[in-house]
Amino acid sequence: MALMVAYSFWSVDDNYQLIQNGNLDQYAKVFENPIYLMTLLSSVIMALLTTIFCVILALPLAWFISRSVSARWRVLFIVGLILPGWVSLLIRTYSMSLVLGEEGLLNWSLAVAGVTESPIQILFTKPAVVIGLVNIYLPYTFVPIYAAIEKLDDSILEAAENLGAGVFRRLFKVILPLIMPGIVAGCIITFIPALGEYLVPNLLGGLQGTMYGNLIATAFQGYNWPLGSALSVVLLLAIFGSLFLLSRFADVSRSLLAEQ
Amino acid sequence: MIRRSLLFCAISATIGLNAVGALTTAQADDTIGGEINVLSWGNYIDFAIPGFEKKYGVKVNIDYYGDEQEAMNKIRAAGLGTHDIVFLGAGFEDVALKQNMLAALDIARVPSFADVFPKLKKAKADGKYYCATYSFGLNGLIAYDPAKTGGPITSWADVYSAKYKDRIGKIDKSNEQIWRTALSLGYTYGPLTDDQWKAVETKLTENTKEVRTIYAHNDEMAQLLANGEIWIGDSDDGSYRQAIAKGLKIALAYPTEGMTAWYDGPCIIAQAPHEAAAYAFVNYMLSPEVQAQLPKQLGYAPANAKAIDILDAKTKADMGIDELVKNMDKIQFQYNLGADFDKRAIEVWERAKAAAAH
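Listed in order, the protein sequences are those of chains B and H.
What the first sequence shows, in the numbering used here, is residues 1 to 260, in sequence order.
What the second sequence shows, in the numbering used here, is residues 1001 to 1358, in sequence order.
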């Protein structure tokens, strides 16, 4: 990390030699060139959407597995959800390109169902990136939420019901506040890696779905390590900024320690 | 009797010594012995090593690198006088030269060099040769699916005619994009003026708006063409040949506007500790017997013209060798234009992509 920060203050001469001159040139490039900040903003939005969809899917799934599935089958459900994570990220992302392509499973299903007459172009768009990221990160969001739901004390829910709280009141006033640390932890471990993603936007995003991670990769591939480092430092600051913002609304440290 | 015996012994000894001498001379024709330390790309020269070791009795110690920057770091870290040979492309040959890492090649000690295609012999500004060409390949080519395009593609003007909007794929490499565009504008490979940069950026931005996707490696081009996501894609000759070998029904166009090419080969490192073995190694790598194996081993065309004569007709046809030789005059070979050029190329390409995406 220290090396990355140090590189960000250096530069490269015309012979690809590293000049350890200590200046802010790389940061000036990052902030003067609108592409970098625009792409960072667009990446934040895609990572946020990924996190939101992951939470929306993980919450009912975790509730269902925790509350409606017998203990005997529960392990199978959880392993079934986590199992794809044991397959290489590259293979999972390539597989998703086969699902989203014009001749892919999704377009085939839509055509068979009579919803579309001609294939729709989903691959190489921002939605394709978000779908790919949700596919990758859903298990990461699921695990802390499931752990929080498992820890829920049934007597508290019964007390709320006995005191006349309806389904929605119990959900918003009792359940969600109690499992909030799990949700926040799930959001953090989804949002942070999603923001710096390189592979998924590379394979599914095309031109439209370029993310900030792709710009960092381009800088390093072009032997411009100082610029790549400066871009990485800015990404790190953006992550710290996001955590700071989140801490205004939730107890981040309690969430990361998995306390209820 | 004694005198006769002595005479017989003397004659026998003379004949014996002569025979041993003759045998020793026969064995010493090629034998150099010892070892040689070579820096090479992975799985690049390995097929030729057993033959070299057998012929010259030299043990080859290979140190692999992932990219040329790593190779140069290894030379620097070990110090001159450690490695004998490094394989470098034209770009890094210049960088290594500026850093005094290479020794000039004495062409008289590399007989195979005479048979290398003249276009692939690159003397430096001082008139000397430093790296010999072992392999070369063409960038800036067009792979396309003739069934989808409805006819042949011959030029960049054909590709970016708005007819194939959203059916084109581009390689996500800034330098390649700059040169595909610059050649289509009629420029020659070399430093660009500010006006030329401006014209390249304008044209590249226009072109990129017609593009459906970009890909990091040319291998992905084959997959995108196969599943119909794109009909036309940036390609190099090696990736096209691999796609054809896998049974893909695609065609290759050598754009009429011209194309760039890379070349790569062995360079003798300054203060090489095993110079004689190093020269034998360079000569062997350029020899027709090794060069004729390149198409099958690596998918590259030989750099040695004599190797083409010993290729079988099928290999020649599969590799498109005749077509390649026919287009040789349209090739502009890449060389290093400096880190500042590369940085500007990245900026221009990033701006073109952003303009097309937003």
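Backbone N, C-alpha and C define an ideal beta-carbon position, used for all residues, glycine too.
These figures come from a predicted structure and were not determined experimentally.
Taking Cβ to Cβ, would you say A1276 (chain H) is nearer than 8 Å to I1331 (chain H)? Working through the second sequence from its first residue, we reach residue 1276 (chain H) at position 276. Working through the second sequence from its first residue, we reach residue 1331 (chain H) at position 331. No, the Cβ-Cβ distance between A1276 (chain H) and I1331 (chain H) is not below 8 Å.
Within the same chain, show all residues whose beta-carbon is closer than 6 Å to that of M211 (chain B), passing over the 5 residues directly before and after it, in chain order. By one-based count along the first sequence, residue 211 (chain B) stands at place 211. Cβ within range, chain order: S43, E197, P201.
Consult DSSP for K1343 (chain H) and reduce its assignment to one of helix, strand or coil. Translated into positions along the second sequence, residue 1343 (chain H) becomes position 343. The three-state secondary structure of K1343 (chain H), taken from DSSP, is helix.
Strictly below 9 Å CB to CB, what residues from chain H border E102 (chain B)? Numbered from its first residue, the first sequence carries residue 102 (chain B) at position 102. The contacting residues are N1227, G1228, E1229.
Would you list the one or two residues that DSSP bridges to I1142 (chain H)? In the second sequence, the residue the question calls residue 1142 (chain H) occupies position 142. For I1142 (chain H), which the question treats as bridged, DSSP gives the partners H:D1234, H:A1253.
Please compile the residues from chain B whose C-beta is within a distance smaller than 7 Å of the C-beta of T1213 (chain H). Walking along the second sequence from the start, residue 1213 (chain H) turns up at place 213. In chain order: F124, G206, L207.
3 or more residues per run - each beta strand (DSSP E) lying fully within the region 1258 to 1326 of chain H: 1259 to 1268
Every unbroken alpha helix (DSSP H) inside the region 128 to 167 of chain B [4 residues or more]: 154 to 162
Quick check: the region 1084 to 1092 of chain H against the region 1033 to 1047 of chain H, are at least 3 beta-carbon pairs closer than 8 Å? yes
List the DSSP bridge partners of V12 (chain B). Here residue 12 (chain B) is taken as the residue at index 12 of the first sequence, counted from 1. Beta-bridge pairing links V12 (chain B) to B:L18.
Strand pairing of V1060 (chain H), partner residues [DSSP]: Taking the second sequence and counting its residues from 1, the one referred to as residue 1060 (chain H) is at position 60. For V1060 (chain H), which the question treats as bridged, DSSP gives the partners H:I1036.
Going along the chain, which residues of the region 1152 to 1186 of chain H sit with their C-beta nearer than 9 Å to a C-beta in chain B? D1166, G1169, K1170, D1172, K1173, S1174, N1175
Note down, in chain order, every chain B residue with its Cβ under 8 Å from the Cβ of V1095 (chain H). Position 95 of the second sequence holds residue 1095 (chain H). Going along chain B in sequence order, the residues near V1095 (chain H) (Cβ under 8 Å) are N15, Y16.
What does G222 (chain B) touch in chain H if you count any residue whose Cβ is under 9 Å from its own? Mapped onto the first sequence, residue 222 (chain B) falls at position 222. Neighbours of G222 (chain B) on chain H, chain order: S1174, N1175, A1339, D1342, K1343, A1345, I1346.
Tell me whether A1162 (chain H) counts as near the ligand ZN, meaning its Cβ is closer than 7 Å to at least one heavy atom of that ligand. As presented, the structure is devoid of all ligands, the ligand ZN included, so that no description of it is given.
Run through the DSSP bridge pairs and tell me what F1136 (chain H) is partnered with. Translated into the one-based positions of the second sequence, residue 1136 (chain H) becomes position 136. According to DSSP, F1136 (chain H) bridges with H:Y1263, H:A1301.
Which one of H:S1040, H:Q1099, H:A1078 has the shortest CA to CA distance from Q17 (chain B)? Locating residue 17 (chain B) in the first sequence gives position 17, counting from the first residue. Nearest option by C-alpha distance: H:Q1099.
In whole angstroms, what is the alpha-carbon distance linking M38 (chain B) and K1124 (chain H)? Indexing the first sequence from 1 puts residue 38 (chain B) at position 38. Indexing the second sequence from 1 puts residue 1124 (chain H) at position 124. Using only the alpha carbons, I get a separation of about 44 Å.
Determine the chain B residues that contact R1076 (chain H) at a beta-carbon separation under 7 Å, and present them in chain order. Translated into positions along the second sequence, residue 1076 (chain H) becomes position 76. Neighbours of R1076 (chain H) on chain B: none; closest Cβ ~11 Å, over 7 Å.
Relative to the C-alpha of T218 (chain B), which residue among H:A1077, H:P1152, H:K1173, H:F1136 is closest? Your numbering for residue 218 (chain B) matches position 218 in the first sequence. Taking only the C-alpha atoms, the option nearest T218 (chain B) is H:K1173.
Could you compute how far the alpha carbon of T1133 (chain H) sits from the alpha carbon of F1333 (chain H)? Taking the second sequence and counting its residues from 1, one reaches residue 1133 (chain H) at position 133. Taking the second sequence and counting its residues from 1, one reaches residue 1333 (chain H) at position 333. Cα to Cα, the separation comes out at about 12 Å.
Between the region 1045 to 1061 of chain H and the region 1101 to 1120 of chain H, do at least 3 Cβ pairs fall closer than 8 Å? Not touching, per the Cβ criterion.
Length of the line joining the Cα atoms of D1234 (chain H) and S1155 (chain H): Taking the second sequence and counting its residues from 1, one reaches residue 1234 (chain H) at position 234. Taking the second sequence and counting its residues from 1, one reaches residue 1155 (chain H) at position 155. Taking the straight line from one Cα to the other gives about 12 Å.
Residues that I35 (chain B) contacts on chain H, provided the C-beta gap is smaller than 7 Å: As a working mapping, residue 35 (chain B) is identified with position 35 in the first sequence. Simply E1350, R1351, A1354.
Taking 8 Å as the cut-off, decide whether the C-beta atoms of A1199 (chain H) and A1222 (chain H) are in contact. Position 199 of the second sequence, counting from 1, holds the residue named residue 1199 (chain H). Position 222 of the second sequence, counting from 1, holds the residue named residue 1222 (chain H). No, the Cβ-Cβ distance between A1199 (chain H) and A1222 (chain H) is not below 8 Å.
Segment contact flag, the region 1130 to 1149 of chain H with the region 1245 to 1265 of chain H, C-beta cutoff 8 Å, min 3 pairs: With the cut-off at 8 Å, the region 1130 to 1149 of chain H and the region 1245 to 1265 of chain H touch.
Please report whether the beta-carbon of A1378 (chain H) lies at a distance below 8 Å from any beta-carbon of chain B. It is not possible to answer for residue 1378 (chain H), since the shown part of chain H is limited to 1001 through 1358.
For Y140 (chain B), which residues of its own chain have a beta-carbon under 6 Å away from its beta-carbon, when the five flanking residues on both sides are left out? Indexing the first sequence from 1 puts residue 140 (chain B) at position 140. Result list for Y140 (chain B): I189, T190, in chain order.
Any chain B beta carbon closer than 8 Å to A1216 (chain H): Indexing the second sequence from 1 puts residue 1216 (chain H) at position 216. Answer yes: the Cβ-Cβ gap between A1216 (chain H) and chain B drops below 8 Å somewhere.
Looking at chain B, is there any beta carbon in it that lies within less than 8 Å of the beta carbon of A1028 (chain H)? Counting from 1 along the second sequence, the entry for residue 1028 (chain H) is found at position 28. Bear in mind that a pLDDT of 46 at A1028 (chain H), under 50, signals an unreliable position, so the number given afterwards is only what the model happens to contain. No, A1028 (chain H) does not count as interfacial toward chain B.
Nearest-angstrom beta carbon gap, W1231 (chain H) and T1181 (chain H) [assumed within contact, 8 Å]: Here the question's residue 1181 (chain H) lines up with position 181 in the second sequence. Here the question's residue 1231 (chain H) lines up with position 231 in the second sequence. T1181 (chain H) to W1231 (chain H), Cβ: 20 Å. No contact.
Expected contact under 8 Å - CB spacing of A1356 (chain H) and V1211 (chain H) to nearest Å: If you number the second sequence from 1, residue 1356 (chain H) lands on position 356. If you number the second sequence from 1, residue 1211 (chain H) lands on position 211. Contact flag correct, Cβ pair sits at about 6 Å.
C-beta atoms of Y1164 (chain H) and A1253 (chain H) nearer than 8 Å: Stepping through the second sequence from its first residue, residue 1164 (chain H) is reached at position 164. Stepping through the second sequence from its first residue, residue 1253 (chain H) is reached at position 253. The answer is no: Cβ separation not under 8 Å.
In chain H, what lies closer than 7 Å to Q234 (chain B) by C-beta? Reading the first sequence from its first residue, position 234 is the one you call residue 234 (chain B). A small correction: the amino acid at residue 234 (chain B) is Val; Gln does not occupy that position in the sequence shown. Residues of chain H passing the Cβ test: none, with the nearest at roughly 15 Å.
Per DSSP, W1041 (chain H) is paired with what? For this step, residue 1041 (chain H) is matched to residue 41 along the second sequence. Its beta-bridge partners are H:Y1065.
With a threshold of 16 other CB atoms inside 10 Å of the CB of H1217 (chain H), please say whether the residue is buried or exposed. As a first step, residue 1217 (chain H) is located in the second sequence; it is residue number 217 there, counting from the start. Label assigned to H1217 (chain H): exposed.
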